[in-house]
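Have a look at the structure below before the remarks.
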Amino acid sequence: MDTTKPVKQLEIIKIALLIAVLVTLPLTISLFRTTGFNKEIFSSELFVDLDLKFWFFFLFSWATLQFNTNWIYRIPKRKSLVVWVLRLSGNIGILVSTILLLDFIYPYLVDKDVSNREEDFQVFIFIVVLIIIIFISRILRLQIIQRQSILENEHLKQQNLQNELSALKNQINPHFLFNSLNSLNSLIRDNKEATMFVKKLSFMYRYILQSGDRDLVPLKEELKFLDSYTYLIKTRYRNRFQIEIAIDETYLDRKIPPLALQLLVENAVKHNEISETHPLKVKIYSQEDCIYVENKVRTRTTLAEGTGTGLLNLYKRYYMIRKQQIIIDKQSDIFRVKLPLNKMK
C-alpha cells in the first residue's frame with residue numbers, strides 16, 4: 031500500500047484558511063465593535079494588526095500542514111526514533127521561525143512594538159494551533175490510508191472475480207486428468223524415465239489442486255513440490271539446468287504462499303539463456319530468517335511470451351497473506367529475490 035500519496039493542496043489551503051479565520055475571529059469582532067463598518071476600518075491600526083496576523087496564521091497553518099502531511103513522508107524510510115526527532119525538530123523550527131518573523135515585521139507595519147504580555151499570549155496561541163494542526167494532519171494521513179485500502183480491496187475483489195472466471199473457463203475434471211495420466215503411465219511402464227516424468231507431473235497437479243484452498247503451506251511441502259517441478263525442467267534441459275538448495279532444517283516448518291519458489295525458478299528459466307556454454311544455475315538458500323532465490327543473469331535474445339505480472343502477483347500475495355514484503359535485487363549480474371520467513375505478528 032502506498033502511504034506516501036500526498037494530501038491535495040486545495041484541501042490544505044481550505045483548512046489553513048479556516049484555522050486563520052477562527053484564530054483571528056475575536057480580533058475581527060473587536061475591530062467591528064471599535065470602528066464599525068465604514069471607511070475608517072481600512073485605515074485603522076487594528077485592521078493592519080488583524081490583516082497581518084491573519085496571513086501569518088494562514089502561512090503558519092499551511093506550512094505546518096504541508097510538513098506533517100506531505101513533506102515528512104518524502105523522507106526515505108528510517109527508524110521510528112529518527113522520524114520522530116525530524117518531525118519534532120521540523121514543527122519547532124516552523125513555530126520559532128514564524129514567531130521571530132512576525133516579531134521582526136510587526137513594528138514596521140503596525141508602527142508599534144508588541145508588549146510582553148501580548149507576545150506571550152501570541153506564542154501561546156501559535157502553540158495551541160500547532161497542536162491542533164498535528165492532530166488534523168494525522169486525521170488527513172489516516173484518510174489517505176483508508177482511501178488507498180478501499181481502492182486496493184476493490185482491485186483485489188475485481189482480480190478475484192477475474193481469477194474465478196478464468197478458473198471456470200479453464201476447468202478440467204481432475205479425475206479425468208488423473209485417469210489419463212494413469213493410463214499413460216501403464217502404456218510407458220517399461221520406460222522408467224517416462225514413468226517417473228508422469229509421476230512427477232501427477233504429483234505436481236495434485237499439489238496445485240490441494241494448495242488452491244490454502245494461503246500458506248509449510249516450506250518442506252513447497253520444496254517437495256519444487257523437486258517435482260525441477261525434475262521436469264531437468265528432463266527438458268538435461269545438464270544445461272542446475273539447482274542448488276541449501277536450507278537449514280529449522281526453517282522447514284515455516285510457512286510461505288504456495289508455488290512461491292516454483293514461480294521464482296520458472297521466472298529464471300523463462301528469462302535467461304540456457305545452453306551448453308551458458309547453463310542456468312539457480313541457488314536457493316536460507317539466511318537470517320529469509321529464503322533467497324538467485325541466479326546469474328544472462329538475458330535471452332528472444333524472450334519467452336509472458337504477462338510480466340508473475341513477480342508482481344507474488345509480491346502482492348506475499349504482502350496480503352504474510353503482511354511482509356519480498357525484496358527483489360537486480361544489482362550487478364545477479365538476480366536475487368528475498369522471501370522473509372520470520373514469524374508473523
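All residue numbers for the sequence shown refer to my numbering, where the first residue is 31 and numbers rise by one.
Here a beta-carbon is modelled for each residue, glycine too, at the ideal position from N, C-alpha and C.
Treat the numbers as computed from the prediction; the structure is a model and nothing was measured.
| Check | Outcome |
| --- | --- |
| At a cut-off of 7 Å, would you count T99 as near the ligand NAD, judging by its Cβ distance to the nearest heavy atom? | Looking at this structure, you won't find the ligand NAD or any other ligand, since it has none at all. |
| Would you mind sorting I122 into buried or exposed? The rule is 16 or more other CB atoms within 10 Å of its CB. | exposed |
| Which residue from T307, E279, R328 and I155 puts its Cα closest to that of P56? | I155 |
| So, are the CB atoms of E303 and R330 less than 8 Å apart? | yes |
| Rounded to a whole number of angstroms, what is the C-alpha to C-alpha distance between I380 and F255? | This structure does not reach residue 380, given that the chain is present from 31 up to 375, and the question cannot be answered. |
| Given a cut-off of 8 Å on the beta-carbon distance, is the pair D319 and P370 in contact? | yes |
| Of all the beta strand (DSSP E) runs that stay within the bounds of the stretch 241-323, which reach a length of 3 or more residues? | 271-276 and 310-316 |
| Go ahead and pull the three-state DSSP assignment for T329. | strand |
| I need the DSSP call for P36, collapsed to helix, strand or coil. | coil |
| From the DSSP output, which residues share a beta bridge with R366? | E324 and D359 |
| For A276, count the other beta carbons within 10 Å of its own beta carbon; 16 or more makes it buried, fewer makes it exposed. Which is it? | exposed |
| The alpha helix (DSSP H) with N121 in it runs from where to where? | S110 to V140 |
| Out of K300, M350 and N98, which has the shortest C-alpha to C-alpha gap to G340? | K300 |
| Specify whether the stretch 229-247 and the stretch 282-289 touch according to this definition: at least 3 beta carbon pairs, one from each stretch, less than 8 Å apart. | yes |
| Assuming N221 is part of the alpha helix (DSSP H), what are its boundary residues? | Segment: none, N221 is in no alpha helix (DSSP H) and carries neither H nor E. |
| Do you know offhand how far L231's Cα is from N183's? | 35 Å |
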